[in-house]
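Asker:
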Amino acid sequence: MTDRLSEQIEKAQMVLVGIGNEFAMRCEAMETDPFYGPLLEQAGGEEYEAQAVQYLRFHYIRRHPDGRLLAAYDRLAGLLDGKNYFLVSLCTDDLIYRSGLDAGRIVTPCGGFRAMQCGRECVTDQEPLVTDPNVTEALLESIDACGGNLDAVDFPVCAECTKPLWFNRIDSPDYREEGYLPDWQRYTKWLQGTLNRQLLVLELGVGMQFPQIIRFPFEKAVFFNQKARMIRVHSRLYQMTEELKEKGISVAQDPVDFLMEQTAGLSAAQEEQTAGLSAVQDPVDFLMEQTAGLSAAQEEQTAADLPPMQDGSGDDRDN
Ligand SMILES: [Zn+2]
7 MTDRLSEQIE KAQMVLVGIG NEFAMRCEAM ETDPFYGPLL EQAGGEEYEA QAVQYLRFHY
67 IRRHPDGRLL AAYDRLAGLL DGKNYFLVSL CTDDLIYRSG LDAGRIVTPC GGFRAMQCGR
127 ECVTDQEPLV TDPNVTEALL ESIDACGGNL DAVDFPVCAE CTKPLWFNRI DSPDYREEGY
187 LPDWQRYTKW LQGTLNRQLL VLELGVGMQF PQIIRFPFEK AVFFNQKARM IRVHSRLYQM
247 TEELKEKGIS VAQDPVDFLM EQTAGLSAAQ EEQTAGLSAV QDPVDFLMEQ TAGLSAAQEE
307 QTAADLPPMQ DGSGDDRDN
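Counting in the numbering used here, the sequence shown runs from 7 upward without gaps.
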């Protein structure tokens, strides 16, 4: 990089950030964990296995958030402080909402753990989403107190059909897009306002999982804006398309490492605060996807359900 990231952000009037799966919290360690491992085993083969796995994963992420990721989000918040920015994230771990980033400037179209839904279309007058934090808090506490016995966990159920609820996320059946559409509308409006402004587009660890959400539309936003610049950071899929070579920088690096390096000059107080958090965690290997349990067919199907985006017919992609 010719300039530091902070200088690029400083120069921009608006900053669009895309966050992908290299930034997602990994849950593989649950399988060998003395608490979660046996619970996952008990869930195996049960009628409501998929829901139970979501609940356990939710508990794991909430009770053991990856400190290195939280620190990276806080660094990003520091960089964007006072700027006109918007973040689109494919991550479903909700860690971004625990940072200093403005939740009103974030959209997470793949959902997460902030709301629950029924797994099928219930004939009901009730709201499609359960957003009462008491419901999810009760679930957390029930798992805390289960003593290693999954049968002792109170599953939250649909008020209409009494089946266990799912989290409002893209790997659930009948994913209810109501959960993110208001944020999405705010984002598209914001994006329209970037035309002819000095726009910096920053992609952090965004692969090709949902290119119609981040990669292709981001490239278009840069292509059609004379004043736009792009920084694409990814450990493997960092290549820039031919037509954006003049306006873009590719960085072949883990995006979390990149952010930490680029913000190494932060204030000592902030450093101390984040150092304590990152020290308790092993370094994470972001090559594994957080949604590893998701079948390719499901991914394709759910991708098609997402709101209309610019066409993804790029035939000169580098990957
Ligand atoms: Zn129901």
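Glycine included, every Cβ here is placed at the ideal spot set by N, Cα and C.
Keep in mind that this is a model prediction, so the values were computed, not measured.
Check this for me: beta carbons of G185 and L96, under 9 Å apart or not?
Answerer: no
Asker: May I ask whether a heavy atom of ligand 1 can be found less than 8 Å away from the beta carbon of E53?
Answerer: At a cut-off of 8 Å, the beta-carbon of E53 does not count as near ligand 1: no heavy atom of the ligand is closer than that.
Asker: Assuming the contact rule is C-beta atoms closer than 8 Å, Q215 and G84 should be a hit. Round their C-beta distance to whole Å, please.
Answerer: So it is not a contact: roughly 27 Å between Cβ atoms.
Asker: Do you know offhand how far V141's Cα is from S178's?
Answerer: 18 Å
Asker: Between which two residues does the alpha helix (DSSP H) containing N140 stretch?
Answerer: P139 to D150
Asker: Curious, which full-length alpha helix (DSSP H) runs of at least 4 residues does the segment 44 to 106 contain?
Answerer: For the segment 44 to 106, whole alpha helix (DSSP H) runs of length 4 or above, ordered along the chain, are 55 to 69 and 73 to 86.
Asker: According to DSSP, is I220 helix, strand or coil?
Answerer: coil
Asker: Grab me the residues of R104's own chain with a C-beta within less than 8 Å of its C-beta, minus the 5 sequence neighbours each way, in chain order.
Answerer: P71, L76 and Y79
Asker: Does the pairing of the segment 194 to 211 with the segment 166 to 183 give three or more beta-carbon distances under 8 Å?
Answerer: no
Asker: In whole angstroms, what separates the C-alpha of S241 from that of R68?
Answerer: In this structure, the alpha-carbon of S241 lies about 27 Å from that of R68.
Asker: Would you mind listing the beta strand (DSSP E) stretches within the segment 169 to 214 that are 3+ residues and don't spill past its ends, in chain order?
Answerer: Unbroken beta strand (DSSP E) stretches of 3 residues or longer found wholly inside the segment 169 to 214: 172 to 175 and 205 to 210, given in chain order.
Asker: Quick check: does the Cβ of G110 come within less than 8 Å of any heavy atom belonging to ligand 1?
Answerer: no
Asker: Can you tell me which residues fall inside 6 Å of ligand 1, judged by beta-carbon distance to its nearest heavy atom, and keep chain order?
Answerer: C124, C128, C164, E166, C167 and K169
Asker: Of all the options V59, E53, E28 and Y54, which has the alpha carbon lying nearest to the alpha carbon of G43?
Answerer: Its Cα nearest to that of G43, the residue V59 stands out among V59, E53, E28 and Y54.
Asker: From G211 to G51, what distance separates their C-alpha atoms?
Answerer: 34 Å
Asker: Tell me which residues share the same chain as M36 and place their Cβ nearer than 8 Å to its Cβ, disregarding the 5 neighbours each side in the sequence.
Answerer: Y42, G43, L46, L62, R63 and Y66
Asker: So, for Q259: in the same chain, excluding its five sequence neighbours on each side, which residues have a beta-carbon less than 7 Å away from its beta-carbon?
Answerer: These residues qualify, in order along the chain: V239 and S241.
Asker: Take the Cβ of A234 as the centre, count every other Cβ of all protein chains shown within 10 Å, and call the residue buried at 16 or more, exposed below.
Answerer: buried
Asker: By DSSP, does S256 sit in helix, in strand, or in coil?
Answerer: strand
Asker: For L146 versus D160, is the C-beta distance shorter than 9 Å?
Answerer: No. Outside cutoff.
Asker: When you compare only the Cα positions, how much space is there between E267 and M31?
Answerer: 20 Å
Asker: Within a Cβ cutoff of 6 Å, which residues of the same chain sit near T137, ignoring the five residues on either side of it in sequence?
Answerer: A121
Asker: Below 8 Å CB to CB, which residues in the same chain sit around C33 once its five sequence neighbours on both sides are set aside?
Answerer: R63, Y66, I67 and Q296
Asker: Comparing alpha-carbon positions, which option in E133, N90 and D100 lies nearest I15?
Answerer: When each option's Cα is compared against that of I15, the closest is N90.
Asker: If distances are taken between C-alpha atoms only, which option among A158, N174 and N155 comes closest to C164?
Answerer: N174
Asker: Taking the continuous alpha helix (DSSP H) assigned at L3, which residues delimit it?
Answerer: Absent from the model: residue 3. The displayed extent of the chain is 7 to 325, so no value can be given.
Asker: Nearest-angstrom Cα distance between C152 and A158?
Answerer: 5 Å
Asker: Check for me: the alpha helix (DSSP H) holding L11 runs from which residue to which?
Answerer: L11 to K17
Asker: Please check the pair T194 and E225, which I expect to be a contact at CB under 8 Å, by giving their CB distance rounded to whole angstroms.
Answerer: In fact, because the Cβ distance is near 16 Å, the residues do not count as touching under 8 Å.
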